[in-house]
Amino acid sequence: MRNLFLLMLSSTLLVGCLGYKELPVEYDYSYKGQFKKYRSFEIMKPAGLSDVSMANEQIESAIISRMKFLGYRQTDNKPHLLISFRMYEDSLKFNGYNQPEIEEWIKNQDPNLNYDRKKLDLRTGTLLIQFYDRRQNRSVWQGYATTLYGPIDYNNQRHLRNAVISILDKYRFWAEGFMEGTASKDTDI
200 MRNLFLLMLS
210 STLLVGCLGY
220 KELPVEYDYS
230 YKGQFKKYRS
240 FEIMKPAGLS
250 DVSMANEQIE
260 SAIISRMKFL
270 GYRQTDNKPH
280 LLISFRMYED
290 SLKFNGYNQP
300 EIEEWIKNQD
310 PNLNYDRKKL
320 DLRTGTLLIQ
330 FYDRRQNRSV
340 WQGYATTLYG
350 PIDYNNQRHL
360 RNAVISILDK
370 YRFWAEGFME
380 GTASKDTDI
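Going by the numbering used here, the letters in the sequence shown line up with residues 200 to 388, in that order.
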């Protein structure tokens, strides 16, 4: 009986892993970001008519799940991070930056580094996720997946989830106090 259970558990895990295909993504960040100080977030909602398409619901749900996994609390009362996302169906010219890996930069946190701009010509099907520091009123991190690296079917729930996971895998910061078990309930930095 135990062997049957282990076999079924192994099969389930294997099937789950086969369903996830990490996509190559790019990301940029602000040298002014306080990445180790954030504890809360909220998804930005558009003013006026909102897009309630299935794709947007899936993206939002995947973002919320990932942020909660990292220990962030979702709140509409003065969140530290405001998160937006957008799917670009057409090609676009995009400004990115050649920067050190964020894990390397965070060790010294030199805010005086220069931004080395690079122009990207992104093909159709780009998903962009941006994090805004509410108090600084600036974008502090953005990640994007594009069909430049292979086909992404944004009408396919699995492809969409994989794109979001691949992007957010590049944001590797636990909420302040989460790992120590001292996460605060207040929202001010």
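Backbone N, C-alpha and C fix where the C-beta goes; we use that ideal spot for every residue, glycine too.
All figures in this text were calculated on a predicted structure; none of them were measured in a lab.
Grab me the residues of Leu281's own chain with a C-beta within less than 7 Å of its C-beta, minus the 5 sequence neighbours each way, in chain order. Glu241, Met243, Tyr331, Arg333
Distance, Cα to Cα, Gln335 vs Gly232? 9 Å
Please classify Met378 as buried or exposed, where buried requires at least 16 neighbouring CB atoms within 10 angstroms. exposed
Give the DSSP bridge partners of Met286, in chain order. Leu326
Would you kindly work out how many angstroms separate the C-alpha atoms of Lys306 and Pro278, rounded to a whole number? 25 Å
Take Leu319 and list the residues in its own chain whose beta-carbon comes closer than 6 Å to its own, dropping the five residues that flank it on each side. Phe293, Gly295
Does the distance from the C-beta atom of Thr323 to that of Asp352 stay below 8 Å? no
Mind reading off the beta-carbon distance from Arg238 to Tyr287? Whole number of angstroms is fine, and I expect it under 8 Å. That belief does not hold up - the Cβ atoms of Arg238 and Tyr287 are roughly 30 Å apart, past 8 Å.
Going by beta-carbon coordinates alone, are Val339 and Tyr228 separated by less than 8 Å? yes
Where does Thr325 land, buried or exposed, given buried means 16+ other C-beta within 10 angstroms? buried
On the DSSP letters alone, give me the boundaries of the alpha helix (DSSP H) that Asn361 sits inside. 356-367
Give me the residue from Lys236, Trp304, Ser283 with the minimum Cα distance to Glu375. Lys236
When you compare only the Cα positions, how much space is there between Ala254 and Val224? 19 Å
Mind checking whether Leu321 and Leu291 have CB atoms under 8 Å apart? yes
Distance check for Arg371 and Glu303, CA to CA, integer angstroms please. 12 Å
One question on the structure: do Leu359 and Gln257 come within less than 8 Å of each other, judged by their Cβ atoms? yes
With the cut-off set at 8 Å, would you say Pro310 and Tyr230 are in Cβ contact? yes
Let me check understanding here. Comparing Cα to Cα, which of Ile301, Gln329, Asn297, Thr345 lies closest to Lys317? Asn297
Check for me: the beta strand (DSSP E) holding Trp340 runs from which residue to which? 337-344
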